[in-house]
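**Q**
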Amino acid sequence: MKNIEVEFRFKVEDEEKINNFLKRLTFVKRKTQNDIYFDTPLGDFYKKGIFMRNRNNKSLDFKFNLEDIENKHEECEEFSFSLPISENDLEKINRVCKIIGLESLMTANLEDFLKTNNLKELVIIDKTRDVYRDGIFSFCLDDIKGFGKFLEIETMLDDDKNLESLKKTMLQKISTLNPKLLPIGYIELFIKEKDFNLYKQGRFLLEEDN
16 MKNIEVEFRF KVEDEEKINN FLKRLTFVKR KTQNDIYFDT PLGDFYKKGI FMRNRNNKSL
76 DFKFNLEDIE NKHEECEEFS FSLPISENDL EKINRVCKII GLESLMTANL EDFLKTNNLK
136 ELVIIDKTRD VYRDGIFSFC LDDIKGFGKF LEIETMLDDD KNLESLKKTM LQKISTLNPK
196 LLPIGYIELF IKEKDFNLYK QGRFLLEEDN
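End of the sequence shown = 225 in the numbering used here, gap-free, step of one.
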């Protein structure tokens, strides 16, 4: 299933301020997320800003924005498929594979998919996520071991017709928090610590690393 994911995130510096802000929203749930990201041994897809992950052994997700010439980590196309892989999803998955340059999946088997494309485990990201809602927007307070807490505001679109106006609305929603927006995702934070050379070859970098 394809969606356009739009999100902004920043590191939590003042927990009391964030907690007071979140009290005005509707609490939805707390959940834990185990994300296993896959790539070639040389990180070829990471370098292109293409991300593939297994989330909680429940979904196989593909996230990328091949047309973003400004390399902003704000919106991307997201394709998500249930795990175990269904025969009914093979054709859809293979359409995504063709877009990003992967070999087609011949069987409904995740291990076969990884082996065929020489994909290995890149990083594992474990986090606790508290989810809040405000209309069409989700606010996610993420606690990531070793990296601290972050707040994300995100939403999903079917198309990009109102993308820019929606992004302005999202930024207005968090303007009172005076956030220092993070121009990278969690995976870049992990790669930066694990393999700085690979991190520097990625599409998305912190300003001080450009």
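Each residue gets a CB set at the ideal place from its N, CA and C atoms; glycine is no exception.
1) Answer with buried or exposed for residue 43, where buried requires no fewer than 16 other C-beta atoms within 10 angstroms of its C-beta.
2) If you drop the 5 nearest sequence neighbours on each side, which residues of the same chain put their C-beta closer than 6 angstroms to that of residue 172?
3) Just mark residue 150 as buried or exposed, buried being the case when its beta carbon has 16 or more other beta carbons within 10 Å.
4) If we count the other Cβ atoms within 10 Å of its Cβ and call it buried at 16 or more, is residue 80 buried or exposed?
5) Which same chain residues end up closer than 8 angstroms to residue 109 when comparing Cβ atoms and leaving out the 5 residues on each side of it in sequence?
6) List the endpoints of the continuous beta strand (DSSP E) containing residue 119.
7) Could you pull the start and end residues of the alpha helix (DSSP H) that residue 59 belongs to?
8) Check whether the region 57-64 and the region 32-43 touch, using three or more Cβ-Cβ pairs below 8 angstroms as the test.
9) Give the list of continuous alpha helix (DSSP H) stretches no shorter than 4 residues that lie fully inside the region 111-170.
10) What's the C-alpha gap between residue 67 and residue 158?
11) From the DSSP output, in three-state form, read off residue 76 for me.
12) Need the endpoints of the alpha helix (DSSP H) that residue 187 sits in, please.
13) Between the region 170-185 and the region 129-136, do three or more beta carbon pairs fall short of 8 angstroms?
14) With C-beta atoms as the reference, is residue 117 less than 8 angstroms away from residue 98?
15) Does the beta-carbon distance from residue 89 to residue 22 come in below 8 angstroms?
**A** According to the data block:
1) exposed
2) 19
3) exposed
4) Residue 80 should be labelled buried.
5) 119, 120
6) No beta strand (DSSP E) holds residue 119; DSSP gives it neither H nor E.
7) 59-62
8) With the cut-off at 8 angstroms, the region 57-64 and the region 32-43 do not touch.
9) DSSP runs (the alpha helix (DSSP H)) wholly in the region 111-170: 125-131.
10) Each residue's alpha carbon lies about 22 angstroms from the other.
11) strand
12) 178-188
13) no
14) no
15) yes
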